[in-house]
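Going by my numbering, the residue at position 72 of the sequence shown is 80; the numbering climbs one at a time, nothing skipped. Beta carbons: idealized from backbone N, C-alpha and C, even for Gly.
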Amino acid sequence: MSSALFDMPWWQALLNSTLSLNQSNSSLFLLDVPCWQSSAMTLTLVLCYCLVLILGLLGNILLICIIMHQRGPPNVTSILIANLSVSDILVSVFCLPFTVVYTLMDHWIFGALLCRLMPFMHCVSVTVSVLSLVLIAVERHQLILHPSGWKPSIPQAYIAVLIVWLLACITSFPFLAFHLLSSEPYSLLPAPLSQLQACLEVWPSQHPKLAYTTSLLLFQYCCPLLLMLLCYLRIFLRLRRRQRMLERQCSRNREDEHRRMIHSKRINVMLVTLVAAFAVCWLPLNAFNVVADWHQEALPMCYHNLLFSLCHLLAMSSTCVNPIIYGYLNSNFRKDVASVVLHCHFQPLKDSYEHFPMSTINTDVSRTSFRNNSV
9 MSSALFDMPW WQALLNSTLS LNQSNSSLFL LDVPCWQSSA MTLTLVLCYC LVLILGLLGN
69 ILLICIIMHQ RGPPNVTSIL IANLSVSDIL VSVFCLPFTV VYTLMDHWIF GALLCRLMPF
129 MHCVSVTVSV LSLVLIAVER HQLILHPSGW KPSIPQAYIA VLIVWLLACI TSFPFLAFHL
189 LSSEPYSLLP APLSQLQACL EVWPSQHPKL AYTTSLLLFQ YCCPLLLMLL CYLRIFLRLR
249 RRQRMLERQC SRNREDEHRR MIHSKRINVM LVTLVAAFAV CWLPLNAFNV VADWHQEALP
309 MCYHNLLFSL CHLLAMSSTC VNPIIYGYLN SNFRKDVASV VLHCHFQPLK DSYEHFPMST
369 INTDVSRTSF RNNSV
């Protein structure tokens, strides 16, 4: 769920620290003071990265396929969740393989063009992912707290998606402009190691770089987390109040009341899970990036790449968590997944199904209006 990234800072932290890190490694090499390395740990990290990559790709592709095969026109939430899945797929494609190879090899092997393109696409994809999470939270907040008020239309949802991508490209442009290949980090090593190249982020001075990365941290992690927390907290309180009202009412249909209460509790748990997953997945990486930008010497030199890989792996696991939270916890999606796996074709969705979590928790409007305006 980021990159002053929420997320970008991780590529930035890694790339910006590569020069000093490799210079330190050069000194260690020349002084013959080797850093401790574990083949078992490296293999474990590679296997974990492969697992996250496979699960993230399969989960999000399957989620998109199910959304595309829903009967009837798309709704706002399905558009936003599909956009989230697309961005998570891009995160898996552009963030995982290249970052893993670069971190493990400690030098860049993909050429000058990809040196500029990969960090840019990395930042774009993660920015789109986190902004999609925010849009979903805002749309849910509007639907549940103001069911009879303004709701985003389908065209407005597409416009919002377009704005998100444009904003992500604009905020990510410095990564396209300030990256270049350099052999300087390896200049102290003997040939042929001195010919190795690193993909570095080179700014005119340190102050603009720190200002940019700090802004990304606020834009991609702190502010989205705060906004999501506020939206879901208000939803949680509204649902709890509605549940207490139902408990006090003498309903003629006790079974229907019990079903609503169970559904409300399930949604409350999901809301807590949404915020917790976003915060937990991205907090270690953002903390690592802050330290790398402002107090890099505090990072242990020999374990720099290991710490980065562990933080980065946890952040990347959000690409697996998002499909579970936003899709597969829904009973309708589980049935469609079973249909795909067991029968190799998609079954049309029934009108009585909820299309996404939190789609039927509003008891103040008719089922028809819900089907037209929500998931």
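Residues sharing a beta bridge with residue i, DSSP
i: Glu209; result: His187
Proximity to residue i [Cα-Cα], best of the options
i: Leu141; options: Val298, Ala90 and Pro308; result: Ala90
i: Gln83; options: Ile243, Pro163 and Leu235; result: For clarity, residue 83 is Asn in the given sequence; the question names Gln instead. Asn83 has its Cα closest to that of Pro163, out of Ile243, Pro163 and Leu235.
i: Pro182; options: Lys159, Glu192 and Ala219; result: Ala219
i: Met324; options: Val210, Cys289, Met309 and Ser191; result: Cys289
i: Pro105; options: Ser202, Leu55, Asp301 and Leu170; result: Leu55
i: Ile62; options: Thr50, Gln78 and Ser100; result: Ser100
i: Tyr240; options: Ala185, Gly157, Val283 and Tyr334; result: Val283
i: Leu112; options: Met49, Pro160, Leu66 and Trp173; result: Met49
i: Val109; options: Thr222, Leu51, Gly67 and Arg248; result: Leu51
i: Leu170; options: Ser156, Tyr194, Leu143 and Ser195; result: Leu143
i: Ala285; options: Ser161, Arg248, His215 and Pro331; result: Pro331
i: Cys230; options: Arg274, Pro212 and Ala295; result: Ala295
i: Ile333; options: Val277, Pro198 and Gln78; result: Val277
i: Leu201; options: Arg124, Asp114 and Val172; result: Asp114
i: Trp399; options: Arg274, Leu226, Ile270 and Leu92; result: Past the edges of the chain, shown from 9 to 383, lies residue 399, and the structure says nothing about it.
i: Leu247; options: Ser195, His154, Ala168 and Thr107; result: His154
Under 8 Å between C-beta atoms of residue i and residue j
i: Val136; j: Ser95; result: yes
i: Cys328; j: Pro292; result: no
i: Ile69; j: Ile97; result: yes
i: Ile302; j: Leu189; result: Inspection of the sequence shows that residue 302 is occupied by Trp rather than by Ile. No, the pair does not count as a contact, with Cβ atoms beyond the cut-off.
i: Leu208; j: Ser191; result: no
i: Leu53; j: Leu315; result: no
i: Ala102; j: Met76; result: As written in the sequence, residue 102 is Phe, which differs from the Ala given in the question. Contact: no.
i: Leu233; j: Ala199; result: no
Burial state of residue i, where buried means 16 or more other Cβ atoms lie within 10 Å
i: Cys131; result: buried
i: Gly64; result: buried
i: Cys58; result: exposed
i: Pro127; result: buried
i: Ala165; result: buried
i: Arg267; result: exposed
i: Arg252; result: exposed
i: Ala206; result: buried
i: Val280; result: exposed
i: His149; result: buried
i: Leu308; result: The sequence shown places Pro at residue 308, rather than the Leu named in the question. So Pro308 ends up on the exposed side.
i: His187; result: buried
i: Gly67; result: buried
i: Val210; result: exposed
i: Ala185; result: exposed
i: Ser47; result: exposed
i: Ser317; result: buried
i: Leu29; result: Confidence in Leu29 is poor, its pLDDT being 39 and thus under 50, which makes the residue's placement too unreliable to answer from.
i: Ser180; result: buried
i: Ser326; result: buried
i: Phe364; result: Confidence at Phe364 is low in this model, with a pLDDT of 42, below 50, so the placement of that residue should be treated as unreliable; the coordinate-derived value is given next. Flag for Phe364 reads buried.
Backbone CA spacing between residue i and residue j [nearest angstrom]
i: Cys73; j: Leu139; result: 22 Å
i: Lys358; j: Gly80; result: With a pLDDT of 45 at Lys358, under the threshold of 50, the modelled position of this residue cannot be trusted; read the value that follows with caution. Answer to the nearest angstrom: the Cα atoms are 11 Å apart.
i: Leu224; j: Val134; result: 11 Å
i: Ile152; j: Arg250; result: 11 Å
i: Leu175; j: Gln228; result: 12 Å
i: Leu36; j: Ala306; result: Residue placement at Leu36 is poorly supported in this model, since its pLDDT is 37, which falls under 50; the coordinates still yield a value, given next. Rounded to the nearest angstrom, the two C-alpha atoms are 17 Å apart.
i: Val299; j: Thr221; result: 12 Å
i: Leu121; j: Ser213; result: 23 Å
i: Ser161; j: Met236; result: 21 Å
i: Leu125; j: Ile243; result: 40 Å
i: Leu245; j: Lys217; result: 41 Å
i: Trp158; j: Ile270; result: 28 Å
i: His312; j: Thr85; result: 40 Å
i: Ile178; j: Asn297; result: 21 Å
i: Leu197; j: Phe118; result: 21 Å
i: Leu226; j: Leu238; result: 16 Å
i: Leu71; j: Gln304; result: 40 Å
i: Ala168; j: Ser195; result: 48 Å
i: Gln78; j: His215; result: 50 Å
i: Cys123; j: Arg274; result: 45 Å
i: Cys310; j: Val60; result: 25 Å
Residue i: CB within 7 Å of a non-hydrogen atom of the ligand SAM
i: Pro163; result: The ligand SAM is not part of the structure shown, which contains no ligands of any sort.
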